[in-house]
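Residue numbers (our numbering): 380 to 820. C-beta atoms are modelled at their ideal positions from N, C-alpha and C, and glycine is treated no differently. All remarks here apply to the structure that follows.
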């Protein structure tokens, strides 16, 4: 009986083989050589990516997606080499029935699916699995010193939009904390507690913001490559209590000032036109850098951008700059306007006007602190260091520009009916007048 049953099975198997023979095309859609070509293409893509330091797409693949791609490759291999598997008894009977899709056809279809999914994952898909967060951050950190252009390109392409959403959430949380403190006591000076964004289970964008964008080395390197990129990433964030945020913002602006960055100079050197007919607020549309910087006045105030400009201006006035001993001349004005002290004065002029308008709009009883005494110290240094050549010099011009701006700011406050800086400004004015009275003609 066993012999008879084995004979029947053998006859059935031979019948299936005949059906398969009648279902085998003369020219199969995909052969083993085509499969080898596919493997060669994949290896070429990987080797090119490694050579050009563009391995970012590797971190798009989670373990699940890698296993899925491996299984698809195994299936393609099975269908392409189906005759070999069939001879060893490893076959799917459905493929051997006349009229059903052939193994080579399924191999061709799966190859198309595989290529489509691979292209979609590499070229179109913009997200990274959380399981690859540590590896991705480590890769980005390695690019800070090795290839900053590629890093900024990746951040722009894959993360900037999500970082903007993250900043919106940060600002919302910060405002809620501030409002809660104000409700407890309108005159409460307590600040929301400092917080570090990075935690074990935070999203990838949070980790990138904290460990890459707020990385001091990244800030300095990015200024050399794309001086506005860092500002694009952070200019809407008003929470100065994020650990390390205020420090890297100061590093960014001091680096920009010391390197005499073209975007910074073009914005602060050029003539400023008023917005509307009130002669109060400047129109900044002509300068992409200033437009970014003053998108949110709270960013400039909370992150103490004013202090970075003031410190660099005071440093320059202390170390000395030959331009301040030279006689004023329109041919030298460009050099004068490139100095840190002039940039500080122009920046302060824009900032104070926007700050006053912001206070007027919010209608809140507040007295923002600005160390306007920087102007007194800077002018004192210029008067002291350039006494011999003071008359008609750029040192004298700067002091006169400061006095003129003090008068203008007081006039703006009178227009807006806000009195917050007037006492401090008048005190600086009086001290400068006293020093100038002692200066020899």
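query                                                                                                                                                                                 : result
Starting from residue 733 and walking both ways along the alpha helix (DSSP H), at which residues does that stretch end?                                                              : 719-741
Kindly indicate which three-state DSSP category residue 638 falls into: helix, strand or coil?                                                                                        : coil
What's the call for residue 622, buried or exposed, on a 16-neighbour Cβ count within 10 Å?                                                                                           : exposed
Going by DSSP, what residues sit across from residue 706 in a beta bridge?                                                                                                            : 772
For residue 775, is the classification buried or exposed, using 16 other Cβ atoms within 10 angstroms of its Cβ as the cut-off for buried?                                            : buried
Taking DSSP as the reference, what is the three-state secondary structure of residue 750?                                                                                             : coil
Under DSSP, the alpha helix (DSSP H) around residue 685 begins and ends at which residues?                                                                                            : 684-698
Take residue 632 and list the residues in its own chain whose beta-carbon comes closer than 7 Å to its own, dropping the five residues that flank it on each side.                    : 684, 687, 688
So, are the CB atoms of residue 440 and residue 520 less than 8 Å apart?                                                                                                              : no
With distances taken from CA atoms, which of 627, 626, 629, 729 is nearest residue 669?                                                                                               : 729
Label residue 486 either buried or exposed according to how many other C-beta atoms from any shown protein chain fall within 10 Å of its C-beta, with 16 as the threshold for buried. : buried
Looking only at C-alpha atoms, which of 490, 734, 649 sits nearest to residue 664?                                                                                                    : 649
Alpha carbon to alpha carbon, how far is residue 614 from residue 813?                                                                                                                : 40 Å
Give me, in chain order, the residues of the same chain whose beta-carbon lies closer than 8 Å to that of residue 660; leave out the 5 immediate sequence neighbours on both sides.   : 653, 654, 732, 733, 736
With residue 602 as the anchor, note down where its alpha helix (DSSP H) starts and where it stops.                                                                                   : 595-604
For residue 641, which residues in the same chain have their Cβ closer than 8 Å to its Cβ, ignoring the five residues on either side in sequence?                                     : 606
Judging by CA-CA distance, which residue of 620, 525, 603, 581 is the nearest neighbour of residue 553?                                                                               : 620
For residue 662, does the three-state DSSP call read helix, strand or coil?                                                                                                           : strand
Give the secondary structure of residue 504 by DSSP, where H, G and I count as helix, E and B as strand, and everything else as coil.                                                 : coil
Suppose you measure from the CA of residue 502 to the CA of residue 435; what does that come to, to the nearest Å?                                                                    : 11 Å
Would a C-beta distance cut-off of 8 Å place residue 599 and residue 538 closer than the cut-off?                                                                                     : no
What span of residues does the alpha helix (DSSP H) with residue 485 cover, start to end?                                                                                             : 482-498
Taking a contact to mean a Cβ-Cβ separation below 8 Å, would you say residue 446 touches residue 512 in this structure?                                                               : no
Count the other CB atoms, across all protein chains shown, that sit within 10 Å of the CB of residue 657; report buried if there are 16 or more and exposed otherwise.                : exposed
Quick one: what's got a C-beta closer than 8 Å to residue 384's C-beta in the same chain, skipping five residues either side?                                                         : Low confidence applies to residue 384: its pLDDT is 44, below 50, so where it sits in the model is not reliable enough to give any reading.
Round the Cβ separation of residue 760 and residue 701 to the nearest angstrom and send it over; I've been treating them as touching at under 8 Å.                                    : Not confirmed; about 14 Å, so no contact.
May I ask you to report which of helix, strand or coil DSSP gives residue 652?                                                                                                        : strand
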